[in-house]
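In what follows, a single structure is set out as structure tokens and then discussed.
Residue numbers (the working numbering): -15 to 287.
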């Protein structure tokens, strides 16, 4: 328990450091874009290589992928239903913010610090399914209800998915694992060295992007969206935690994963489809804060 609280304290301090660096103009928010590209295209894939190159994948891990996909589809459907009376573009913006989680930047640093590679294995499999929702379902919803440009066809969506370096890394490493192909030791060793930077860089980036300037006049929409994400997520997570007949780490993964913040990819989608970026950024910041305190509260009860 002391270790858990300590890791959360260290994480808060690193996030706060990122925020302070931004507020003092030592680092600008625009610098976060370059840092994000380094994380998503280098340190996170390196961490995935280290974690999954020799993983033994059993049925429970496969089930995590299924849970992530099914839950994402349910949340997308509930979002479209909850916001059905909103104006078309508003409906699209709110509905694409309902499913999907920020696992790579938010969850992985905490999971790595608390549970190590064992925890990353479970959350990584959940993120595999989550990636299909983020780069597929969310993108399609945003595209359909957007008036910006032409709607994207299936080929464009598939192309978007295949450009995700973390997703490609998941597929490649797991395929090599299934087929018994061994990744050269030099690649593993280099990846181990690079992956060490993933946790501090990810937490710093969260601090750099943290913004307390919240949009006004949209409180009812924000409350509805947060209720959909957290009330449903926490409720289903608790039910699975209590009734699923699996080991503790599996239950921790499901319970925690379903209350993680909104996917980091939603903001770039808002830019691409010309939605209200300030609103999307506001809700993204709120979910980071809410999830952080929820995880601490849940963690103190179950760990």
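The C-beta atom is built at its ideal place from N, Cα and C for all residues, glycine as well.
Taking 8 angstroms as the threshold (C-beta atoms), are residue j and residue i in contact?
i           : j           : result
residue 9   : residue 56  : no
residue 263 : residue 202 : yes
residue 178 : residue 27  : yes
residue 90  : residue 19  : no
residue 242 : residue 220 : yes
residue 268 : residue 251 : yes
residue 82  : residue -9  : no
residue 118 : residue 84  : yes
residue 104 : residue 92  : yes
residue 80  : residue 214 : no
residue 246 : residue -11 : no
residue 259 : residue 13  : no
residue 233 : residue 106 : yes
residue 53  : residue 116 : yes
residue 150 : residue 32  : yes
residue 70  : residue 62  : no
residue 218 : residue 1   : no
Let me check understanding here. Comparing Cα to Cα, which of the options lies closest to residue i?
i           : options               : result
residue 238 : 262, 195, 286 and 253 : 286
residue 123 : 13, 240 and 257       : 257
residue 154 : 245, 261 and 49       : 49
residue 100 : 58, 156 and 180       : 180
residue 24  : 148, 159 and 247      : 148
residue 223 : 240, 246 and 158      : 240
residue 244 : 127, 188, 182 and 95  : 95
residue 216 : 276, -7, 44 and 60    : 60
residue 162 : 38, -4, 284 and 31    : 38
residue -3  : 184, 225 and 171      : 184
Between which two residues does the alpha helix (DSSP H) containing residue i stretch?
i           : result
residue 109 : 92 to 116
residue 269 : 261 to 286
residue 235 : 232 to 241
Q. For the segment 17 to 69, which segments carrying the alpha helix (DSSP H) assignment without a break, of at least 4 residues, lie completely within its bounds, in sequence order?
A. Those alpha helix (DSSP H) runs which fall completely within the segment 17 to 69 and span 4+ residues are 28 to 36 and 43 to 66.
TODO: Counting only runs of 4+ residues fully inside the segment 152 to 225, write out the alpha helix (DSSP H) ranges in chain order.
DONE: 169 to 179 and 182 to 193
- Per the contact definition of three or more C-beta pairs closer than 8 angstroms, is the segment 207 to 218 in contact with the segment 62 to 78? Enough Cβ pairs lie closer than 8 angstroms, so yes.
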